[in-house]
Structure formats: C-alpha cells, structure tokens
Amino acid sequence: MTNEIIQNCEDEKIQFLNEVQNLGYLIGIDQSSHQIKFVSNNINEIFDRNPSELISLKLDEVYNFALNLSAIYSLESGEFLRESITINGRDFHKTIYTVNNFIYIELEELIISENRMFYYNTSEQILFSKSKNDIWEALLSAVQKMIGYDRVMLYQFLEDDSGIVIKEKVNNKLDSYNGLRFPEFDIPQQARKLYLKKKSRLVADVDSPRVKIISQTNSPIDLTYTSIRALSPVHIEYVKNSGAKASFSISIVIDNELWGLITCQNSTAKNIPYQIRLQCELLSRLARITYVNFKSTEQIEFQNKFSETAIKLKENLLVEENLKDSISKNLKPIFKLTEADGMAFIYKDTVIKDGETPPDDEIIRIKNWAKKNNIKNFYHSNSFKKTFGEELNLSSSSTGVMFSFLDQFNKNFIIWFKKEENLKLNWAGEPQKYLKEKLDDKGNPISYFSPRNSFKFWQEEVVDRSFIWKENEIYVAKEVIKLVIETLHVQSFKIHSLYEQLKEINEELDAFSYTVSHDLRTPLTVMKLNCQMLERKLNENPENSSQVKSVIKEIDKITEMMEEILALSKAKKSEIELIEINSEEVINKIVNDLKVYYNAETTVINIGSIRNVFAEKTMAYEVFLNIIGNAIKYSSKETTPVVTISSTDDKNYICYKITDNGIGIKQEDHDKMFKLFSRMSNTADIKGNGVGLTIAQTMMRRMDGEISFESKEGVGTTFSLKFKKP
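Offset between the sequence shown (1-based) and the working numbering: plus 372.
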C-alpha cells in the first residue's frame, strides 16, 4: 500500500474539525473590528443570504444583535453569556463566548420546556440525599426523565484512565453496562482535556449531515467551547457501533480532574433542547458538590478517628532515641493501619520488615531504583512489577507498592507491599483497536484505528497487578511518613542537644581529671612518706609492717590510676595504646576487692580458663570491674550466689563470658541495657546510677571490641566481652 498514513484517534485534533452539527448556527466576529470572520454554512437558513457574502461584513450590517460588549470583554475562558433573541420571527437561544481574538455567537432554536418544577424538586432531592448512592440515583433518574433517552449511566475514570459504569438507568430494549469497564482509548487524552473545558456534549443524530464552517481566517477555527461542534468521525463510528443513534454526555469534574461522566444513549435520533441540556448540566454540578461534601465529611471522620491512632503512634515513636528503634518497635502497628500484605523500613542498609515481603536484596534494589530515578515524592502503584519487573527482577510480592524516602540524603526508606492477585475484569466488549482503511479527499489510502464493533460482555484475567491502593490507605501512608519525618527531626534535635551537653560535660571532666590528678598528688605523696616513715619504725613488728606496706602499695596504685585517667581524658581514639594485658592478675585483683566491697563472702566465684587480651590497660580494668561487679551485686540476694568467669579463643578475638544466677533482666528492658541513665525495672531496691554499662560499651568500642548479653528474668545473666587477640 503506497502513501499509507496510520491515524490514531488520540492524534485527531477534534476541536479543529471546522464543522458543526445541523441543530444550530455559528457566527464568529473579530473582537476589534466586529467584522464577521467565519460562519456555519447553514446560516442562510436564518438570514437568507449566501454564507460567503457575510464574511468581512460588520455584524450590525447583517443583524442588530445588541451585543453587550463590556460584558463580553470581561468574560473569562469558558464563561458564557446566555439569553434569548428573535431573528426574522424565529426565537433562538443565543450563547456568546470568546476564544483567542474572536467573539463566538451560537444560535439554537428555542424550544419551550415545562420542566421547571421538576428541576426544583430534583435539586432538593439531590441536595438532601442521605448517601452517595442516593445522589447519583436521583441525578440519573432525573436526567433520563428530562431527556427521554434509553440509557443514562454514571461512568467513573480509574487510575489507569480506563473507566467503569458504577450506576445505570436503562430500559428493557438495551443490554446493561452496569459494572462493566471501558478502555482508556475509548475516550482518548485530547477528548478528556476537552471534557474539562466544555462540560457537556451532544450528538443529536449520528446520521445527520455535517455543516462546514466558511472562514476568512487561515487558521482552523477553535471549537472547544462550541455546543454544536460536530464530533470526530471516529467517535461517530463508535456511537454507531454501540447501537445508538444519539449521545449526550456531561462532565463530572472534582478537584480540577475529570472524575467521570454522565453518559446518555438513545436508540433513535433525538435532539435535546438547549434549556434541558443546561438544566441537566446544572443538576450534575449540584450532584457533584453534594457528593464532594459527603466525601469530605467521610474523610474528616476518618481523619479524626485516625488522629487518635496517630497521636498514640507519635508518642511511641518519640519514646525511642533513634529512628531505627522507633520504626522497628512500631512496625507491626504501622503495618496494620493499611491493607498491605507487607511492609519494610530501610535504615541506612539494614532492612526491617513485617508481613509478606520480597527478599531484602529486592527491597534494596527498589530503594536504589527510586534514588537513581530521583523519586523524591510519595509514590504508589498497583502494577509496579508489570512496569519494572524485568528491569528490577521483581517477585510477585512487589506487584503493588507505596514508598517514600524519609530524609534528604535518601538513606532511610519506607515501603508497603501488595502481592499479585488473580483479578478478573469485566469489559463492555474486548478492549482492542481494529485497523481499517479509507481514502482521504485526494484519494490516498489512509489506515486508521477503528472503534470496536462489539460491546458484549467480555472477561479478562489480569496478571502482574495487585488490588488498588485505596484513598484512605494512601492518606494513612502519607501521614505515617510525616510522623516518621517529624520523629527524625525531633531525634536529630535531641542528638544535637545531647552532643552540646556531652561536649560541655567532657570539658568539665577534663578539667576535673586535671584537678583531681594534680590536687591529690600532694596529699598522696605526704601519705606515702608518712607511711614509709611508719614502716621503718614498725620493722620490729612484721604484722604491722606488712599492713603499712599494703597501704603504700594501694597509694601507688591510686597515683598510677590518676595519671592514666588524666592521660585518657586527653586522648583521642587513635591515641589509645593497646597492649597485652595480664588478664589473670587483673581479674583476681578485681574479684578479691569486690568480695570485700560487697561483703560477698557467700558468693561462689568460679574462675575458669583465663587468657590475656589486647586492650588499653585502664579501660580493660574498668570494663572487668563493672561487669564482674554487676554479677556479684545482682546475684547477692540468692541463697547461693554463683558467678562464673571464663574465656575462649575465637579466631581474631578472645571472648570472655561472665555469668551470674541473679535476678536477670526483663525482656522489655533488653533494648535499653546500654542507654545512659537507664535502670532496669526490677532493680529499684539495688543501688546504681545507670551509667556503668554505657561506659563499658563505649570503652569496648574504643578498643575495637564488642559487648553483648543474654538474660532471663529470675534465671540470671551472661555478659560476653570480645577483646582483640594479642
């Protein structure tokens, strides 16, 4: 086939076809000169003059339309002036509007309608409806009665731009479309845009002759707001294929988006008087407003109910000191707020999840994809796997997703999942385009996509799609994300505040360490000298001499420790000197001192295999002192307190285990074991300040070691210390 041109209906410039229907007349004049620039070719039926003779004449040379120019010039796009007019003994509806630099005058013959009382009654019925269903029931019943068409249906657009009939009034002559879907190409993109601007559209007779527009202008005439605009031949074919001879539609626009249509069909040609069309359009607007009010009320009620949950959730999130703990401890209640099958939270590179989710590496791939594609706003889809499954190697668990980043650096990420469902969609005919051929005005063959011929029930089994994300689910997800981001900001502020406090405390501690180590040096020196003099005098009594020597030895140790504390207070991590520590000597000394300190003569301390460790001397001493001290202290109330100390060689580490049979730790307290100033709920009657374990953990980390524990309330506790191997 030569010179073939394939036309898609979505490529058709439907507002520039330069044709109108024969149910009215059109005149276009220049706004400045008031000269006639275009007319419909049937205008001679009114003025009995050849249409081409009217071009370039001033409007008042043809007829005195008594235009209110100041009102016309103040019209915004899509606004109309409507009034009646009598021309040569005939009564018309006159509609005036402006497009570009032209004033449009549309004329339709005036047909008197006595629907006023019915219109008022229907308005009240819609306005005082008790449910959303009642609103549309009242509207469809009224429209069908007013226009007398065989079918009146409410058609709602879906997320993928296809549509579904959610309510219908139809007589027995026609098959019902209620609950059936229509593909998005039935109402292509440019038609949907036109529906947003011109809220109603009529085809009174699909077989009526089309009327050309005679024009002086070189550009196509924009018929966007023209009520009698002739429709696309492709659409006329579509209406014919559906078995209808006449069609009427009214737009339902919510939040500046085309929510749906009131679509009407009749099996025979039937004009709808202008006044009736206008009343139907006004009733549809009233129904839309009432519906939006119902939706808003429902949404407010839902939001108020959710706000109670949100307040409790916010409190729970803020209890924790970091985002990871905040989310991980509240993931299940967050997950249950939606109908998602699974949920995950990525904190840096750690995946925390609940429910039915894909593997961790798949979740991270989705996060990386979102980061690479710069998706900064909230994202949701019920066909994510269908669109990106091959690219990202997705499983069926990732069929539907909602996700968002939680910080500006795209490190923290939250995502909900819906799995693939076996969906069956019911269509009004198979959703498929058909390629046909026709000749253009020059006889050249044109291939074009024709509307389908059948609108019979057709069922499709859909894969790679989940249940849709409902409005309330999306709302909840967005609110949860806000709460998490607020929590992150609060925690960041707390961390900054703590950092400043710790900085101040560290400076004070440095000063204190310096003061203590220097100010105590003199009295300790005096004490040592006095003890040495006392020792020489008591040489004759070996027992007394031995006790004095012990005091001198302790004074030397205190002096040495003060010097080391002063050095440590000034040291950075890189300045810490790790050496091989004689663990047996350190542990035996600590055990003996602690038994005296805690008066723990009945405590059985089992010391097993002891291995040397690679550590900082003072830090190692402090860690062992703290952990062994806790073991003795918290087992002291047992009938036979037992503490066991042993070590094992674990590749690059020496691992110490210190076990006691004391009071143990409640499960709910495990997460706060190493938090500063945190004390366990079962230790109220035991002396302590909640600082020791925090210091021990900090010291182990500075020595490149690890500290962990296992505990059961009423059974006991085991602490594990991993030191570097000498």
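Using N, Cα and C, we set each Cβ at its ideal position, and we do this for glycine too.
Chain-order list of residues whose beta-carbon lies under 7 Å from that of residue i (same chain, five-residue window excluded)
| i | result |
| --- | --- |
| Leu734 | Here residue 734 is Glu; the residue named in the question, Leu, does not match the sequence. Within the same chain, Glu734 has close Cβ partners Leu766, Ser767 and Ser770. |
| Lys828 | Gly801 |
| Arg983 | Ser955, Ser1019, Asp1021 and Ile1026 |
| Asp577 | Lys617, Ala618 and Ala641 |
| Ser428 | Gln407, Ile408 and Gln588 |
| Ile329 | There is no way to answer for residue 329, as the model of the chain reaches only from 373 to 1098. |
Heavy atom of the ligand SAH within 7 Å of residue i beta-carbon
| i | result |
| --- | --- |
| Gln387 | In terms of ligand content, the structure shown is empty, and the ligand SAH therefore cannot be addressed. |
Residue i (DSSP reduced to helix, strand or coil)
| i | result |
| --- | --- |
| Gly1064 | helix |
| Lys502 | coil |
| Asp721 | coil |
| Ile1017 | strand |
| Lys1094 | strand |
| Ser770 | helix |
| Val524 | strand |
| Pro803 | coil |
| Met1071 | helix |
| Gly1086 | coil |
| Met905 | helix |
| Val691 | helix |
| Lys545 | coil |
| Asn754 | coil |
| Gly761 | helix |
| Lys854 | helix |
| Ser534 | coil |
| Phe529 | strand |
| Ser495 | helix |
| Phe775 | strand |
| Ala716 | strand |
| Asp733 | helix |
| Glu1010 | coil |
| Asp1032 | strand |
| Leu389 | coil |
| Asp726 | strand |
| Asn798 | strand |
| Glu384 | coil |
| Asp1041 | helix |
Own chain, CB closer than 6 Å to residue i, minus 5 neighbours either side, in chain order
| i | result |
| --- | --- |
| Gly1088 | Asp1032, Asn1033, Gly1034 and Gly1036 |
| Asn992 | Note on residue identity: the sequence assigns Ala, not Asn, to residue 992. Answer for Ala992: Ile953, listed in chain order. |
| Gly714 | Gly727, Glu728, Thr729 and Phe789 |
| Gln647 | Ser485 |
| Lys757 | Leu766, Ser770, Thr771 and Asp836 |
| Val542 | Arg523 and Ser548 |
Sequence-distant residues of its chain with Cβ nearer than 8 Å to residue i (five each side left out)
| i | result |
| --- | --- |
| Ser1008 | Tyr970, Ala972, Thr975 and Gly1034 |
| Lys385 | Gln562 and Pro592 |
| Ser1083 | Gly1036, Ile1037, His1042, Thr1089 and Thr1090 |
| Lys324 | In the structure as shown, the chain starts at 373 and stops at 1098, and residue 324 therefore has no counterpart that could be examined. |
| Phe760 | Trp741 and Leu766 |
Beta-carbon gap between residue i and residue j smaller than 8 Å
| i | j | result |
| --- | --- | --- |
| Ile401 | Lys409 | yes |
| Thr470 | Gln407 | no |
| Val852 | Leu709 | yes |
| His465 | Glu480 | yes |
| Trp841 | Asn754 | yes |
| Asn998 | Gly1064 | yes |
| Ile1067 | Glu994 | yes |
| Ile418 | Tyr445 | no |
| Ser621 | Ile608 | no |
| Tyr501 | Ile507 | A quick correction: the sequence has Ser, not Tyr, at residue 501. Contact: yes. |
| Asp836 | Glu792 | yes |
| Ala712 | Leu855 | no |
| Pro423 | Val434 | no |
| Glu391 | Lys584 | yes |
| Lys1096 | Met1075 | yes |
| message | Three Cβ pairs or more, each shorter than 8 Å: is that satisfied between the stretch 491–507 and the stretch 627–639? | response | Contact between the stretch 491–507 and the stretch 627–639 is absent, because fewer than three Cβ pairs lie under 8 Å.
| Within the chosen definition, does the stretch 541–552 reach the stretch 657–671 through at least 3 CB pairs nearer than 8 Å? | Verdict: no, contact absent.
| field | Minimum length 4: unbroken alpha helix (DSSP H) runs contained in the stretch 641–682 | value | As far as the stretch 641–682 is concerned, it has no whole alpha helix (DSSP H) run of at least 4 residues.
| request: For the stretch 391–435, list the alpha helix (DSSP H) runs that are entirely contained and at least 4 residues long, ordered along the chain. | output: The stretch 391–435 contains these whole alpha helix (DSSP H) runs: 416–419, 423–426 and 431–434.
| beta strand (DSSP E) runs wholly inside the stretch 558–641, at least 3 long, in chain order | The qualifying runs are 572–575, 583–587, 618–626 and 629–638.
| query | Does the stretch 785–792 come close enough to the stretch 717–728 that 3 or more CB-CB pairs lie under 8 Å? | reply | Between the stretch 717–728 and the stretch 785–792, the count of Cβ pairs shorter than 8 Å is three or higher; the stretches touch.
| Where in the stretch 944–992 do unbroken runs of the alpha helix (DSSP H), each at least 4 residues long, occur, reported from the N-terminal end onward? | Every unbroken stretch of the alpha helix (DSSP H) spanning 4 or more residues and falling wholly within the stretch 944–992 is given here in chain order: 955–969.
| Counting pairs of beta carbons, one from the stretch 523–539 and one from the stretch 554–566, are three or more of them closer than 8 Å? | Here the stretch 523–539 makes contact with the stretch 554–566; the two share three or more CB pairs at distances below 8 Å.
| field | Cβ pair count under 8 Å reaching 3, the stretch 685–704 against the stretch 597–616 | value | Not touching, per the Cβ criterion.
| Taking only runs of the alpha helix (DSSP H) that begin and end inside the stretch 440–491, which ones reach a length of at least 4 residues, in chain order? | Listed in chain order, they are 441–445.
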